[in-house]
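See structure below.
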Amino acid sequence: MNCALQLLQLTEAPFLGDGQISSREWPDFTATVLPGYAGLAQAMAQFVQDLVNYEWPEDVQADIDILITENSTMAAFLEAVSKVRTIAEWNSVWEDAPTSTGTADIVRARLGLPTTIGDANNWCDGQFFG
Numbered sequence: 000m001n002c003a004l005q006l007l008q009l010t011e012a013p014f015l016g017d018g019q020i021s022s023r024e025w026p027d028f029t030a031t032v033l034p035g036y037a038g039l040a041q042a043m044a045q046f047v048q049d050l051v052n053y054e055w056p057e058d059v060q061a062d063i064d065i066l067i068t069e070n071s072t073m074a075a076f077l078e079a080v081s082k083v084r085t086i087a088e089w090n091s092v093w094e095d096a097p098t099s100t101g102t103a104d105i106v107r108a109r110l111g112l113p114t115t116i117g118d119a120n121n122w123c124d125g126q127f128f129g
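Heads up: the sequence shown at position 88 corresponds to 87 in numbering that gives the first Met the number 0, and the numbers run straight through without jumps.
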């Protein structure tokens, strides 16, 4: 999921460098970037399923349940983003974007895993980027 996010960010960067999409760029943006949102939504849905299927230690299960809810909501949102057809729809859908509570970092800490905050390693190297 994190690699799909990184790929999406690299794909959309040339279009969103100034934070705006022009009507001239919109056809290329929809053809190039919007499929990445669908791909990220699918990756996130798989991540949610993997979280559900795993037997977690009792002391992190409540946080995992929150993580499942947050990521399910985000996957549905990203799927909606992938289907916008106009710049106005694009702007509108982002007004209701879900936010993260940082639960993944809480789970990592409780499991004794290193944080990903400020991590400069390219963990996706070779998966999407050759």
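Backbone N, C-alpha and C define an ideal beta-carbon position, used for all residues, glycine too.
Nothing here was measured: the structure is a model prediction, and the numbers come from that model.
Residue from the options with nearest C-alpha to residue i
i	options	result
F76	A40, T85, S99 and G16	A40
A74	A87, D58 and Q48	Q48
Q60	Q45, A103 and D95	A103
S22	P97, G101 and T85	T85
D27	T10, F46, T100 and A96	T10
T31	S99, S91 and Q8	Q8
Q19	P97, I116 and W89	W89
L58	M0, F46, S91 and G111	The sequence given here places Asp at residue 58; Leu does not occur at that position. Nearest C-alpha to D58: G111.
Same chain only: Cβ atoms within 8 Å of residue i, ignoring 5 sequence neighbours per side
i	result
L50	I63, L66, I67 and N70
Whether residue i touches residue j by CB criterion (9 Å)
i	j	result
A3	G38	yes
L6	C123	yes
N1	T115	yes
Contact set for residue i: own chain, Cβ-Cβ below 6 Å, skip 5 residues either direction
i	result
P113	none
G35	L7 and T10
P97	T72, M73 and F76
Stretch pair the segment 104 to 115 + the segment 76 to 87: three plus CB contacts closer than 8 Å: no
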